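Numbering (this note's numbering), first residue to last: 16 to 545.
We treat Cβ as the ideally placed atom computed from N, Cα and C, and that holds for glycine.
These numbers come from a predicted model, not from an experiment.
Quick notes on the structure that follows.
Listed below in structure tokens is the structure:
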């Protein structure tokens, strides 16, 4: 009774989360991942205890940008979950970690569990090692600044006690009415797909209600499922992602196999006529982005190669690049109701929301409670930006490489094209800046790879490099556009030469594409937040 699920959370905080579209964030928004927060990476993880701040510091040092109105869009947020924990800390008057130990671990009998970054000495010998691949070397223990959103270290037996409490209408943890409120308050973004409860999310199967939660870090991958009516739960944890992140597919296979063995059901699906199905499939074709994404920082640039495609197979059926079978083959989808599909021979559904004859978002059962897919605006679509970027970089690389090669050839033959002083200056400046532009555009993904491959880099260690790129990128790309435009003007007003004129246009277009990408994906900007 101390927290109102539908009250502005600023009533419980000592800093402000501003409204968005005039709507405040509520605790219900935080618990259903509909607060509208952008993703935050800076300071999220580390291998070093000194980098893990208090929950209060972690919440205040970088409030994420808001990209959706509260309550409008599911977008899983580690920050939002940690913020809910900070509210518990504020309202209870004790640290969240003390609260969890006193009010959850102790009454549930979870004697081998902790959410503290510094493990108690008695638990340190029991800590599992994590791997990227099971055949590789173990990594260092992963620490989490947003520990309430993924910092629990526990044994399987302890998780079993937690699950039993929930299957027993809250057991020693919750009043029965509170447990039912938590389990049964479903926010459903696209009916009939799975929806989000308060903390748990649906993974309904074979006509039975299932609530679940999963967690993935670099090396650990876990999920629990609860069948409330059947009083049964299943939990699985792996300490390696496996090739092509197969740990996720293994979890799904285990869950479905378990449900089919012990709680089978019969699917009663309808059908949509063939002509309508083909038309609906064509309407789905396009490039999409996740609602859970990085939108406001330079890491958005990963979208150039990371957006999702919906295409058609040879029979005119849907192909969704992000929903593959366990072996990597594309799933076959059959439309069972208008804009609702089920995988052929399987259980997963895909459904779309359509407004004014356009698909505005869609989801799949496994992720629909906390993440949807929305069409990408034309100006940031990888459908044309990726080939344009590749072509532009190729043109600029050739321009930079052939500058010294052409100079050597001219010297060998004693030839010198007739160009005025201004033309030679524009020629040389364009070639030099072409090389620099290619270098800076290669430097960005190299920097991002260094940043995300090692947790220790997420806490400001690479800020010097980031600031240097922030300064160099606009200087070089704006200068390149100006130089190529100057070169084009001089070439077209000078002596005729078909290839020179065509290439001068190619260079202006290439410079424009690079500058466009840098602006749209925040490579040009200020600050070190990400």
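Check, Outcome
"Exposed or buried, residue 305, counting other C-beta atoms within 10 Å across all chains shown (16 or more means buried)?", "buried"
"Could you tell me whether the stretch 89-98 touches the stretch 294-313, where touching means 3 or more Cβ pairs closer than 8 Å?", "yes"
"On a CA-only basis, which of 418, 284 and 174 is nearest residue 240? Give me that one, please.", "174"
"With distance defined between alpha-carbon atoms, name the residue in 325, 59, 375 and 352 nearest to residue 339.", "325"
"Starting from residue 537, trace the beta strand (DSSP E) both ways and give me its first and last residue.", "Per DSSP, residue 537 belongs to no beta strand (DSSP E) and is neither H nor E."
"Which ranges would you report for the alpha helix (DSSP H) in the stretch 180-208 if only whole runs of at least 4 residues count?", "191-199"
"Between which two residues does the beta strand (DSSP E) holding residue 486 run?", "No beta strand (DSSP E) contains residue 486, which is instead part of the alpha helix (DSSP H) from 478-508."
"Which same chain residues, not among the five before or five after residue 358, have their C-beta less than 7 Å away from its C-beta?", "346, 347 and 348"
"Quick check: the stretch 23-42 against the stretch 69-86, are there 3 or more CB pairs under 8 Å?", "yes"
"Residues in the same chain with beta-carbon distance under 6 Å from residue 470, minus the five sequence neighbours each way, listed in chain order, please.", "60, 61 and 62"
"Grouping DSSP H, G and I as helix and E and B as strand, with all else coil, what is residue 306?", "coil"
"Going by DSSP, what residue range makes up the beta strand (DSSP E) through residue 335?", "333-335"
"For the candidate residues 244, 332, 447 and 492, whose alpha-carbon lies nearest to that of residue 524?", "492"
"Could you name the residues of the same chain whose beta carbon sits closer than 8 Å to that of residue 323, not counting the 5 residues immediately before and after it, in chain order?", "302, 303, 304, 305, 335, 336, 337 and 388"
"Thinking just about the alpha-carbon of each residue, which of 452, 360 and 120 is nearest to the one in residue 484?", "452"
"In the DSSP output, which residue or residues are listed as bridge partners for residue 229?", "238"
"Between the Cα of residue 464 and the Cα atoms of 450, 449 and 480, which residue gives the shortest distance?", "480"
"When the distance is taken between beta carbons, is residue 298 closer than 9 Å to residue 176?", "no"
"In the DSSP assignment, what are the bridge partners of residue 365?", "356 and 379"
"Since residue 134 contacts residue 67 with CB under 8 Å, what's their CB separation in whole angstroms?", "Their Cβ separation, rounded to whole angstroms, is 12 Å, which puts residue 134 and residue 67 out of contact at 8 Å."
"Determine, using beta carbons only, whether residue 49 and residue 96 come nearer to each other than 9 Å.", "no"
"Please identify the residue among 403, 406 and 443 whose C-alpha is closest to the C-alpha of residue 415.", "443"
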